[in-house]
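With the working numbering applied, the sequence shown corresponds to residues 6 to 182, in that order.
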Amino acid sequence: MPDYRATRLTIDPTAYIAPGASLVGEVSVGRNASIWFNATVRGDMEPIVIGAESNVQDACVVHVDRGRPTKIGDRVTLGHGAIVHASVLEDDVLVAMKAVVLSGCHIGRHSMIGAGAVIPERTHVPEGSLVLGVPGRVVRPLSPDEIERIHANARAYVELSRAYRDGIVRVPRGETE
């Protein structure tokens, strides 16, 4: 039986791993990527690769199956509480909050998975698609503005992770009554 305690992490020095995030097994985190609070990244049976400038937000779960690694491309956003299981997400994909990508899926670049959507096992999502619903279905192509929003979100998280990594996070202060 494999020793799941044997963690083989490869984390780029520019990446940010928040306190409370759990990375286990064979996990690679790319340049300027970020893994946020209480996210779980479990490469315990197969490897997980998280590309450059990607962000795995708070309480996400990224896992694998035997014989099915997980590959997350560059500039991918996994919104709060999203789950990605044993699948491939190409570059420039946004998986919104609480969406679920089940085993064996392939999500084409410049695609967006809507909040709360559930993508059934072995689904292929074509490049440039908007996917909504349960079960998730392609509803239309993304507009150029929506594709730019994917890029902008990735850029914003690169900047935010730098601020956290460098210790210069500003907490807004409201008026007290």
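In this text, a Cβ means the ideal position worked out from N, Cα and C, and glycines have one as well.
One or two residues paired with residue i in a DSSP bridge
| i | result |
| --- | --- |
| K76 | V54, V93 |
| T19 | None; T19 has no bridge partner. |
| R47 | V29 |
Buried/exposed call for residue i, threshold 16 Cβ in 10 Å
| i | result |
| --- | --- |
| A157 | exposed |
| N139 | The question names Asn, yet the displayed sequence has Val at residue 139. It counts as exposed. |
| I173 | exposed |
| S39 | buried |
| M6 | In this predicted model, M6 has a pLDDT of only 38, less than 50, meaning its place in the structure is not dependable; the value taken from the coordinates is given anyway. Under this definition M6 is an exposed residue. |
| D188 | Within the shown structure, residues of the chain are numbered from 6 to 182, placing residue 188 beyond reach of any answer. |
Residue i - DSSP class collapsed to helix/strand/coil
| i | result |
| --- | --- |
| I173 | coil |
| H156 | helix |
| E182 | For E182, the pLDDT reaches just 44, beneath the cut-off of 50, and the residue's location in the model is therefore unreliable, leaving the point undetermined. |
| L165 | helix |
| P149 | helix |
| T128 | coil |
| V105 | strand |
| V34 | strand |
Beta-carbon proximity of residue i to residue j, cut-off 9 angstroms
| i | j | result |
| --- | --- | --- |
| V69 | E51 | yes |
| V98 | I124 | no |
| V93 | V67 | no |
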